[in-house]
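Novice: Taken in order, these protein sequences are the chains called A and B. Residue numbering for the first sequence follows our numbering, starting at 5 and increasing by one per position. Residue numbering for the second sequence follows our numbering, starting at 363 and increasing by one per position. Below: one structure in structure tokens.
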Amino acid sequence: MKNQAVKYYPMLPVLAAYAVLFLIGRNMSGMWQLVAMLLFYCALGQAFNIFLGMTGYVDFGYVAFMGVGTYGMALAISRLAHIEGLGAGIIVIGFVLAVLMSTLLSIAVGAVALRLRGAYFAIATIGVNEGFRFLIEGARIWNGSEGIIFTAQLNQILGREAASALAIFWADVFVLTIAVAAALVTLIYMRSKIGYALTALREDEDAAKVMGINVTKFKIIAFITSASFAGLVGASSWALKTPYVFPPEVFEIHYTIEAIIIVLLGGAGTLLGPLVGGLIYGISKYYLSIFIPGFQLLIFAPIIIVIIVVFPEGVVGMLKAKTRNTAAGRFIV
Amino acid sequence: MVFEQLAGNLFQGLVLGAVYGMATMGLSLIFGVLKVVNVGHGAFVMVGAFITFWLFSALGVNPIFAIPVAFVIGLGLGLFFYYTVIQRLIKAPELATLLATFSIGVLLQEVIKLIFGSEFRGYNWTVGKIDLGLTVLPVSKLLACLGSVGIAVLLYIWFNRTRAGSAMRSVVEDSEGARVCGVNVGAAYAWSFALGIGLTVTSGVLLTMFIPVGINPYMGGGYTLKAFVIAVLGGLSSPYGAFFGGLVFGLIENGSYTLFALLPGVEPFALTRFLSFVILLIILLIRPTGLLARK
């Protein structure tokens, strides 16, 4: 039994960090907005890391899953608002729909793209985000390029005050929950057969195959898990905070870029990496936007290039190597 | 009536397709020689467009003279990024070069945004039009098409008639074998990357003839996707395959636009871009080596 608990020790620093973040946000005036942004980036990183970090495959169309998640919540609220007595249950339906839609899209994309290796996979994913956006706009699905605005429905169901509390507080609490859940799932995967299979595949896919590992199955598991978390992040951080959805905004490649930066900065494939990366990126973006608004990527793009060339293991990866076989090492994964 | 329109648009597609093809040769060259996928491809196209825009509007330079300028700047950028970044990642996992070239693209976008701002820019170079009966073709587009064909021919001659060109081809075939035969593989890598980037930046000059007011730091994303569709059409590692892939893609793009426009209640432009993504997936699935590639 004791051994089982030791496996999950690395969750402690993760939980501690999120608790500290939450307390700072609640107790220091004016800090909640910053904390909410940090939570968004950490959650984005945790979710993205499950695929990029664990498989070593890069999905350039990742934001599409956040986009359809946002649509899931938007469709639930805008289409079901007329049903009496749903109340706050409509949010639950929205989350279920968000997970369902992002999972379905990831199965569709994964079934095609995950048959492909390395570079070919990356090429296939480059168009997912744009392709899906232009399908929605072109075929006028879900109102096409006009998008969905559901502020009125949300106010009608929950009442103006509850809707506003949802936007400025509860949506961020959901994001926090998603981030913790994604971290927990990452650790569970790491400590199970899935994690070992993915490590083998990341090191040498051919060898893993020869050893009898069903590499495609494990890649798809990681892909779908990562995508459904992205759908949840979109549903809470975008749909609930700003009750509208427009295709060009939710299928914006910018967020894929940010996810890549966060995961690489912290350390791909580590548990703490996305958290550390999210904090570094979020805090720098927040303060950079005061001095030079809109140019954080000008600073981060060269930093990421240097990281890829000089220390590809990221901040947590280096920390992990330093603390190996020490007491602290048990907590840093 | 519809058929006349379709024929006219297909002709325009062929003209644009030649430029698309030339714009993809650099991507295929780099993949063929270095096995590196340049995910930042579109950003280099964008740099070429801005060079043309700046030379024309600030110095009054004819876009035709922007071609050598863009090519030299492209060579320089290629050598710079090769020696600072790519060379160190040749032996690293594929993920590293994918993310590195992607980040280089982001960096270029941000630098151009810092210099020029993020508004849409354009320039007006009037050199008349030719009426071909079926369609009216601006001379600027015709020149871009001829320029693309000319560059492709020059590249062909260079590859087949010069020592450096043969060395590069030998590296594509078998880099170990080339090394044994005394080819300086390191230099071939560096110059292929530089040449690839040079061609890509140059294609940005030619593409501005087709986008009167579409020059913007973020314009590259669409070209990256198109270039990948074209490159896989042509087999991904062959510059000539890419050129013919471009012709095919130009026909598909303009043809499907004409047909989608007949459907009620859709946005044909958006559907055309969706279609290019579907084509990409289908080719990758059934023939990842490309439709035009030799077995």
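Cβ atoms here follow ideal geometry from the backbone N, Cα and C, with glycine treated the same way. If you're wondering where the values come from, they're calculated on a predicted model, not measured in any experiment.
One question on the structure: do G383/B and F590/B come within less than 8 Å of each other, judged by their Cβ atoms?
Specialist: For the purposes of this step, residue 383/B is taken as the residue at position 21 of the second sequence. For the purposes of this step, residue 590/B is taken as the residue at position 228 of the second sequence. Contact flag unset, no.
Novice: Kindly list the residues whose CB is nearer than 8 Å to the CB of Q367/B, restricted to its own chain and excluding five residues on each side of it in sequence; keep chain order.
Specialist: The count along the second sequence starts at 1 and reaches residue 367/B at position 5. So the list reads T620, once near-sequence residues are dropped.
Novice: Can you name, in chain order, every residue of its own chain whose Cβ lies under 6 Å from the Cβ of L499/B, other than the five neighbours on each side?
Specialist: Translated into the one-based positions of the second sequence, residue 499/B becomes position 137. Excluding positions up to five away in sequence, the list reads I492.
Novice: Tell me, please, whether the CB atom of L372/B is closer than 8 Å to any CB atom in chain A?
Specialist: Within the second sequence, the letter at position 10 stands for residue 372/B. Not one chain A Cβ lies under 8 Å of L372/B.
Novice: Nearest to A78/A by CA position, among A51/A, V249/A, L162/A and I192/A, is which residue?
Specialist: As a working note, residue 78/A is residue 74 in the first sequence. Closest option to A78/A, Cα to Cα, is V249/A.
Novice: Given that P278/A touches chain B, what residues does it touch there, using C-beta distances under 9 Å?
Specialist: Start at 1 with the first residue of the first sequence, and residue 278/A comes out as number 274. Near P278/A there are no residues of chain B at all, since even the closest Cβ is about 15 Å away, more than 9 Å.
Novice: Since L476/B meets chain A, which of its residues come closer than 8 Å, beta carbon to beta carbon?
Specialist: Along the second sequence, read from residue 1 onward, the residue named residue 476/B stands at position 114. The contacting residues are F299 and L302.
Novice: Would F418/B count as contacting chain A if we go by Cβ distances under 8 Å?
Specialist: As a working note, residue 418/B is residue 56 in the second sequence. No - not a single Cβ of chain A is within 8 Å of the one on F418/B.
Novice: Could you work out which residue in L38/A, E317/A, F69/A and N329/A is closest to I172/A when comparing CA atoms only?
Specialist: In the first sequence, counting from the first residue as 1, residue 172/A sits at position 168. Of the listed residues, the one whose Cα sits closest to I172/A is L38/A.
Novice: Name the chain A residues that come within less than 8 Å of F365/B, Cβ to Cβ?
Specialist: As a position in the second sequence, residue 365/B is number 3, starting the count at 1. For F365/B, no chain A residue has a Cβ inside 8 Å of its Cβ, as the nearest lies near 24 Å away.
Novice: Label K96/A either buried or exposed according to how many other C-beta atoms from any shown protein chain fall within 10 Å of its C-beta, with 16 as the threshold for buried.
Specialist: Taking the first sequence and counting its residues from 1, one reaches residue 96/A at position 92. Residue 96/A is actually Val in this sequence, not Lys. The residue is exposed, with fewer than 16 neighbouring Cβ atoms inside 10 Å.
Novice: For A20/A, would you say it is in contact with chain B, using Cβ-to-Cβ distances shorter than 8 Å as the test?
Specialist: Working through the first sequence from its first residue, we reach residue 20/A at position 16. Answer no: the Cβ-Cβ gap between A20/A and chain B never drops below 8 Å.
Novice: Please look up how many angstroms separate the CB atoms of T274/A and N133/A, rounded, as I've assumed it's under 8 Å.
Specialist: Within the first sequence, numbered from 1, the residue matching residue 274/A stands at position 270. Within the first sequence, numbered from 1, the residue matching residue 133/A stands at position 129. Your pair T274/A and N133/A does not check out as a contact, with CB atoms roughly 26 Å apart and the cut at 8 Å.
Novice: With respect to the alpha helix (DSSP H) encompassing P601/B, which residues constitute its N-terminal and C-terminal limits?
Specialist: The count along the second sequence starts at 1 and reaches residue 601/B at position 239. Membership of P601/B in the alpha helix (DSSP H) is indicated by the continuous run P601 to F622.
Novice: Going along the chain, which residues of the stretch 107-125 of chain A sit with their C-beta nearer than 8 Å to a C-beta in chain B?
Specialist: When C-beta distances to chain B are compared with 8 Å, the residues of the stretch 107-125 of chain A below that value are V116, A117, R119, L120, G122, A123 and Y124, in chain order.
Novice: Determine whether the beta carbon atoms of V395/B and V542/B lie at a separation below 8 Å.
Specialist: Position 33 of the second sequence, counted from the first residue, corresponds to residue 395/B. Position 180 of the second sequence, counted from the first residue, corresponds to residue 542/B. No, Cβ-Cβ distance for V395/B and V542/B is not below 8 Å.
Novice: Which residue comes first and which comes last in the alpha helix (DSSP H) that contains P17/A?
Specialist: As a working note, residue 17/A is residue 13 in the first sequence. Run containing P17/A: M15 to N31, per the alpha helix (DSSP H) assignment.
Novice: According to DSSP, K491/B sits in a beta bridge with which residue or residues?
Specialist: As a first step, residue 491/B is located in the second sequence; it is residue number 129 there, counting from the start. BP columns for K491/B point to P500/B.
Novice: Here's the rule: buried if 16 or more other CB atoms are within 10 angstroms of the residue's CB, otherwise exposed. What is K588/B?
Specialist: In the second sequence, counting from the first residue as 1, residue 588/B sits at position 226. Counting Cβ neighbours within 10 Å, K588/B comes out buried, since at least 16 surround it.
Novice: Taking only beta-carbon atoms, is I466/B less than 8 Å away from chain A?
Specialist: The count along the second sequence starts at 1 and reaches residue 466/B at position 104. For I466/B, the answer is yes, since a Cβ of chain A falls inside 8 Å of its Cβ.
Novice: For the stretch 235-269 of chain A, which residues have a CB atom closer than 8 Å to at least one CB atom of chain B, in sequence order?
Specialist: I257, I261, I264 and L268
Novice: Under 8 Å between C-beta atoms, does F69/A make it to chain B?
Specialist: For the purposes of this step, residue 69/A is taken as residue 65 along the first sequence, with counting starting at 1. Not closer than 8 Å to any Cβ of chain B, the Cβ of F69/A fails to qualify, so no.
Novice: Inspect the beta-carbon positions of A385/B and C507/B and report whether they are closer than 8 Å.
Specialist: Along the second sequence, read from residue 1 onward, the residue named residue 385/B stands at position 23. Along the second sequence, read from residue 1 onward, the residue named residue 507/B stands at position 145. No, they are not a contact pair.
Novice: Going by DSSP, name the residue or residues bridged to V249/A.
Specialist: Translated into the one-based positions of the first sequence, residue 249/A becomes position 245. I152/A.
Novice: Quick one: measure Cβ to Cβ for V62/A and L561/B, integer angstroms, because I've assumed they're closer than 8 Å.
Specialist: Working through the first sequence from its first residue, we reach residue 62/A at position 58. Working through the second sequence from its first residue, we reach residue 561/B at position 199. So it is not a contact: roughly 25 Å between Cβ atoms.
Novice: Note the first and the last residue of the continuous alpha helix (DSSP H) segment covering R541/B.
Specialist: Along the second sequence, one-based indexing puts residue 541/B at 179. Here the alpha helix (DSSP H) through R541/B covers S537 to V542.
Novice: Is Q338/A near T190/A, with beta carbons less than 8 Å apart?
Specialist: With chain A covering 5 to 337 only, the question about residue 338/A has no answer from this structure.
Novice: Any idea which residues DSSP pairs R523/B with across the strands?
Specialist: Looking up residue 523/B in the second sequence gives position 161. Paired residue(s): none; R523/B is not in a bridge.
Novice: Give the straight-line distance between the Cα atoms of E538/B and G548/B, rounded to the nearest whole angstrom.
Specialist: On the second sequence, position 176 is the one that residue 538/B refers to. On the second sequence, position 186 is the one that residue 548/B refers to. Distance between the alpha carbons of E538/B and G548/B: 12 Å.
Novice: Under 8 Å, with one C-beta from each stretch per pair, do the stretch 211-228 of chain A and the stretch 108-126 of chain A reach the 3-pair mark?
Specialist: The answer is yes - the stretch 108-126 of chain A touches the stretch 211-228 of chain A, with three or more Cβ pairs under 8 Å.
Novice: Determine the contact status of L389/B and G612/B, defining contact as a CB-CB distance below 8 Å.
Specialist: As a position in the second sequence, residue 389/B is number 27, starting the count at 1. As a position in the second sequence, residue 612/B is number 250, starting the count at 1. Contact annotation: L389/B and G612/B have beta-carbon atoms that are not nearer than 8 Å.
Novice: Assess contact between the stretch 313-325 of chain A and the stretch 267-284 of chain A, defined as three or more Cβ pairs (one per stretch) separated by less than 8 Å. Is contact present?
Specialist: yes
Novice: Given this structure, state the Cα-to-Cα distance separating K657/B from G608/B, to the nearest angstrom.
Specialist: Sequence index remark: in the second sequence, residue 657/B carries index 295 (1-based). Sequence index remark: in the second sequence, residue 608/B carries index 246 (1-based). Model confidence at K657/B stands at a pLDDT of 44, short of 50, so the residue's coordinates are unreliable; what they give is reported in the following sentence. Their backbone Cα atoms lie some 20 Å apart in a straight line.
Novice: Look up R483/B in the DSSP assignment and say whether it is helix, strand or coil.
Specialist: Residue 483/B sits at position 121 when you count from the first residue of the second sequence. Three-state result, R483/B: strand.
Novice: Output, in chain order, the set of chain B residues within a Cβ distance shorter than 8 Å of R144/A.
Specialist: If you number the first sequence from 1, residue 144/A lands on position 140. Those are G627, V628 and E629, listed as they occur along chain B.
Novice: Who are the Cβ neighbours of M194/A in its own chain at under 6 Å, not counting the five residues just before and after it?
Specialist: Walking along the first sequence from the start, residue 194/A turns up at place 190. Cβ neighbours of M194/A beyond the five flanking positions: none.
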